[in-house]
Every structure is written in C-alpha cells, then in structure tokens.
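Input: a single structure, listed below in structure tokens.
Residue numbers (our numbering), protein chains in the order written: chain A, 1104 to 1397; chain B, 19 to 411.
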C-alpha cells in the first residue's frame, strides 16, 4: 500500500493540453501512473499524449466515462479554484492542485466545500506526490525515488527532491512522498498526512520537511508526541536564517509578529522526540539513529 | 504588500467605516495649511504622524501633537526627513487630534490553522497587540468568520459584549466589525487592523457626543491577488523599497536582500532558504534569498546574476539548482553568458543536479566554472571563497 496515490489511482489531468500539463502528464504516464483522462473545456473528443489519453470538456464526463478518482490541476491561478470545485462537484475524491499564486482568500470557501464533501485536496502550490514503483501525480522527478517504507511529507518542492535524493542514495526508499504546498491556506496539512502514514501498513518511518511560517509543524509535532511514539522519525526545517516580516518565496513562508520561526518549530519537534537535521543530507543518518532498519 | 496608513484609511473609508478626516503633507507648509483647516473647523489640536511602513514610529518621535498652525509647521519639519529604522520620512499625515474616551483593538486576520478569517478584539487598545498576546492573552477575544457567509451579526455582538462595548455603541461596532471583514475581502488583504478603535468625544450644537472612530489603520495586501487589483498596485511605496525589488518582480524572481557576503541563486523557495541556512552553518553569511522559480531560462539567470552582483558586499556566489522542471543545461548556459558580460569578477561555486545535470556539468567544465557535488560541499566552498576574497565571512 501507500497513501493518497497508488496502483488504484485513475487520474484525470485538468489542463492536459497546456504546455505544463502536457509535459508533466507525459512524465507521469512514463512513470506508470494510470492517466485515464484529460480535461480542457472546448477540446472534448480529442486525444492527448500521442493519442493515449482521451480529452473531455468536463470533469463530470471524464469521471463518468473513465472512472477517474483522482485529479491533478495544472490550470492558471485565475481558474484553479474553479477547477478544484469542479472536481469536487464531479465526485473526485483526491485532488492535487499544482497551481501557484492563487489569491489566498479564494481558497477559504474552496477548502470548506472540499471538507464538506468529504474529498481531499492536496495543495495548492504543491509538487504533488509519488508512491515509488506505483504512481506519481504532479511534477516531482520520478528518478529521485526508490521503493521503500519511509513516508515523506514536505511544504517544499526542490528541497523535498534534495532530501529524497539523499535518502535514495543512502539506500532508504519511500512508501509515499507528499508535497503539501507552500501557501498559507492548503487543503491537507502535516497533521493530516501523519495520520494517513500512521494508518498505512507500508510506512515504517516518517520524514517531515517544514519551513518558517504558521504553526502546522508544531501541531504535527504535538500529535506525533502522543500517537507516533515508536515510529522512527526525522525532520528538517528550512529558514533558520530568514529575516522577520519577509515572504520567503512561498506565500506561506513568513515570520510575523515573532511567530513562525524555525527555532520554535525545531524546539517543538525536538520536544516531541523527533531529531531535526541541520542539512537535508543528514536525514538518512538521523533515521538510522531513530531506529529505522528498512 | 504593506500600504501606508493614509492609504489604509482610504480603503476603510471606502467601505463606509468612520475614519476622522486627514490630509497627507509632503512639506511643512502643506502640514501648516492642513492644520489651519482642522483648527478652524474646531479641533483643539492636530496630530502629525510619519507615514512609514515600519512599526514603532511613535517611540521614534514620528507622532506629535500641535496646537497652532506654526507649531504644526515646526513639528512636521522635524518629522519630515527623520530616519525611522532606516526609512526616511517623506510624508506626514495631519488630522484633528481626537479626544479619546476609551481605546480598543480590532483586527481581521487570515488564520492559517483554522483556515478562516478571524476577527480579534481587545479592550486593551492603543498598544501593540503582540505585547497584549504575550502579557495577557485572555484579553484578546477571537471569532471565526463563516467561510461561506462571512462575519455574522451575532458574532460581532459577542465581541462587543466581550470587550465591554454595550449600549449606544453596539450597533456601530457591529457595522465596523463587518466592515473590516468586507474591506479584507474587497481588497484581498491578509490583515486589516484598527488600533486604536476608539470612543471619541466631539462637541456639537447639542453638547458633547461620543462615537466610535478608527483612529489608525494598518492593511497588508496579498501579493498573489495584486494582479486583479491594478488600483491597489499603485499604492506600492517605491520609496521604501529596495530598488532591486522592482527588477526582481519584473523577471518574476523572488529576491530578498540580506546583509552577508555570499550571494545565493537557487531554484525553489524551500531549497533557497536551506541554501542560506547551510551558508550560515558553514560559517558564512548569506547576502540574499533568491529563488529563480521553476523552468528558469538563460535571461532569468542573467537577471538574477545582475541582482546579486549589484550588492557591493557580495564576495562569492553560490548557485544551487535541483533540476525538475528547471533544466540544468539551460541554467549552465545562462551562467556562462552572464559571466561573460559581468563587470565584476566574483568567485562562483556551481552545483547543478537533476534534469540534464550531465550536460550542465560538461558545459560548466568547459567554461572552467568551479563546481560542487553536494549542497554541503557547495556551501563550504562558497564560504572559503568569500574568505579568500577578503569578505567578512
């Protein structure tokens, strides 16, 4: 097994005929992901990716015709909230939104509708997820992974690649690697993913990669202290040198009013018994020290 | 994006909130003229406030009262040109000084944990809310606006009663509280703060009246939403901004200037922060945060190089690229071209892994760039290079 995506994933890609959508869909398909449909309004009836994937005008039609259960959104920021709502309204249960730059307040009603429908949204502004050897959804390069039993959850993109590459190089494979996104308002939090990993029989250890801003790492640490004793864990927090009051690239990476600092997050994780690496390259060693034998 | 108090007051007034009159003055003469008007209209004194985007202007001498036009001219003359935390005061706000009966705090924020707009109120107004939060957190009341319906009347009433604002001001408070949330939504703000919200005393034809008024205003706008608010983009205060920021925005580069000697060029925000952290761990100080973004091509790489080299303190440059969407060979070509044009020779350590890294490595080797295999090694080499170049690492 794995979390969020796996062999049962039947993916529909919003914006499959766009430049980004097409490029990454090809990579996903090459990785072995079941892309059952694409969606671009007005291009229904066409076939994308060298005739391998049927394109529909609506997600509702894509779901009905192909049994899609997961969606991946590559549409621009103006249209992305609508894409999420269309997926929810069409009964898609797992929605990845890769789009960056969605106005934050637009996401408040969207996450509420997703929650009320019992669906799951990952992102926005996230790189997606990979369950190595099974499926990948989003933009994470497939080549960095290795099959294994460590669950990885992160707010970043390339920083995650760095950490995962270090793990794979050290012979430590992953069950699922999830990028939850760098925006202030996201559908799935660290805590949500920890709960999924805790229930996944294939995940034996967990790596959490956080950064400055907000308090989601602290909330996850508090839960882990209570529920994940005995699960080997390691963490990394980016932004120890970040100044106060500046948005560090990600809309959500900002220290405001002295809150959301790396020091606070490191302290909370360590108080929960989780070792925090000072470089992503130390993560494999910390996992071993925490008792991971896989 | 932060906006000045005078602009924030404009947005509140546009939403129908009670904001006392004000004028913005650029010279002591303009301040004097405004003061004459308000004093003639019956104000006992005028308040003169420095318009800067940093906190603590009161303590820095940027907020003063004046009782006559001459005093207003003198006082504003002292405030204009004042240096407040590195910012030179260019404008002052002039308005009638209110007779304050009681001060409150009222603020609408975007709360990440609850994924809601949260309205906070406190009877301890006029002081920094962060201080209240530390000293007496129970003095701050919070309600979460409904994600679909917004702030409801009963929620606003709960806050009013909680801070002891019953009786004649209840109805106005509800309007103001809902107005704050409406202002937040209308302008895509992350924060709308009125501190103090005050009961002020005014004398009218029928004697004294007391009413609620927004005496200060602080609004932070969501950068991601600015493209759909061209009118708000005009409120950006370019005088208070690093000139490099405008160029960075033009090329869609995330750039933050810092104090160190090692320039950093990275793809991805998390990795860019990590690169800075590792420079520090290796004993150096980062000169900047710089994320060239996904899929960067040669022109963006060249622009990033110009931004970094514009800082005379930079003694070494560390380039760290983990190719995913970004192709390593594109970045390498951009670096080679940028170096051929740059005016200042600075040691550069380049580390490129991921998509097309092999081709990148070959190009960099041919062009005799110094490369590094791992991030840790790259950081150490960059710090050593800055030391050798005489930088205070």
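Where a beta carbon is used, it is the ideal one built from N, C-alpha and C, also for glycine.
Under the three-pair Cβ rule at 8 Å, the region 100–111 of chain B does not count as touching the region 151–158 of chain B. The straight-line gap separating the alpha-carbon atoms of residue 1221(A) and residue 1138(A) is approximately 23 Å. Taken in chain order, the complete alpha helix (DSSP H) segments of 4 or more residues contained in the region 1116–1144 of chain A are 1122–1134. In the three-state scheme derived from DSSP, where H, G and I count as helix and E and B as strand, residue 57(B) is classed as helix. Within the DSSP secondary-structure output, residue 101(B) pairs in a beta bridge with 106(B).
Sequence-distant Cβ neighbours of residue 31(B) in its own chain, meaning closer than 6 Å and more than five residues away, are 37. One alpha carbon belongs to residue 70(B), the other to residue 105(B), and they sit about 7 Å apart.
DSSP links residue 82(B) through a beta bridge to 66(B). At a cut-off of 7 Å between beta carbons, residue 215(B) makes no contact with chain A. Below 8 Å, enough C-beta pairs join the region 285–295 of chain B and the region 307–314 of chain B to call them touching: three or more. The residues 71 and 105, in chain order, have a CB closer than 6 Å to that of residue 258(B) in the same chain once the five nearest residues on each side in sequence are set aside. Residue pairing by DSSP places residue 126(B) opposite 137(B) and 210(B) in a beta bridge. DSSP places residue 1277(A) in the uninterrupted beta strand (DSSP E) bounded by 1277–1282. Per the Cβ contact rule, the region 384–403 of chain B is in contact with the region 350–368 of chain B (3 or more Cβ pairs under 8 Å). Remark: fewer than three beta-carbon pairs, one from each stretch, lie closer than 8 Å, so the region 157–169 of chain B and the region 231–245 of chain B are not flagged as touching. A Cβ-Cβ contact shorter than 7 Å links residue 278(B) with residue 304(B).
Taking 7 Å as the Cβ-Cβ cut-off, the region 295–310 of chain B approaches chain A at 295, 296, 298, 299, 304, 307 and 309, given in chain order. Listed by position along chain B, the residues whose Cβ is nearer than 8 Å to that of residue 1214(A) are 133 and 165.
Between the beta-carbon of residue 145(B) and that of residue 297(B) there is about 38 Å, and that puts the pair past the 8 Å contact cut. The three-state secondary structure of residue 147(B), taken from DSSP, is helix.
With 16 or more neighbouring CB atoms inside 10 Å of its own CB, residue 240(B) falls in the buried class. With the criterion set as a beta carbon lying under 8 Å from some beta carbon of chain A, the members of the region 179–204 of chain B are 202 and 203, in sequence order.
Straight-line spacing of the CA atoms in residue 376(B) and residue 1232(A) works out to 26 Å. Here the alpha carbons of residue 76(B) and residue 140(B) stand approximately 21 Å from one another. Between residue 335(B) and residue 281(B), the beta carbon gap of about 4 Å places them in contact (Cβ cut-off 8 Å). Within the DSSP secondary-structure output, residue 389(B) pairs in a beta bridge with 368(B).
Nearest to residue 1229(A) by C-alpha distance, out of 1236(A), 1396(A), 1201(A) and 1252(A), is 1201(A). Of all residues in the region 119–130 of chain B, those with a C-beta nearer than 8 Å to a C-beta of chain A are 128 and 130, reading in chain order.
Beta-bridge partners assigned by DSSP to residue 309(B): 272(B) and 284(B). Assignment of residue 164(B) by DSSP, reduced to helix, strand and coil, places it in the strand class. The Cβ of residue 1134(A) sits no closer than 7 Å to any Cβ of chain B. If you look at residue 354(B), you'll find it in the alpha helix (DSSP H) that goes 346–359. Assigned with DSSP and collapsed to three states, residue 237(B) falls in strand. Residue pairing by DSSP puts residue 1238(A) in a beta bridge opposite 1234(A). Residues of chain A with a Cβ closer than 8 Å to the Cβ of residue 396(B) do not exist, since the nearest Cβ in that chain sits about 11 Å away.
Contact check between the region 1275–1287 of chain A and the region 1238–1249 of chain A: three or more CB pairs, one atom from each, fall below 8 Å, which counts as touching.
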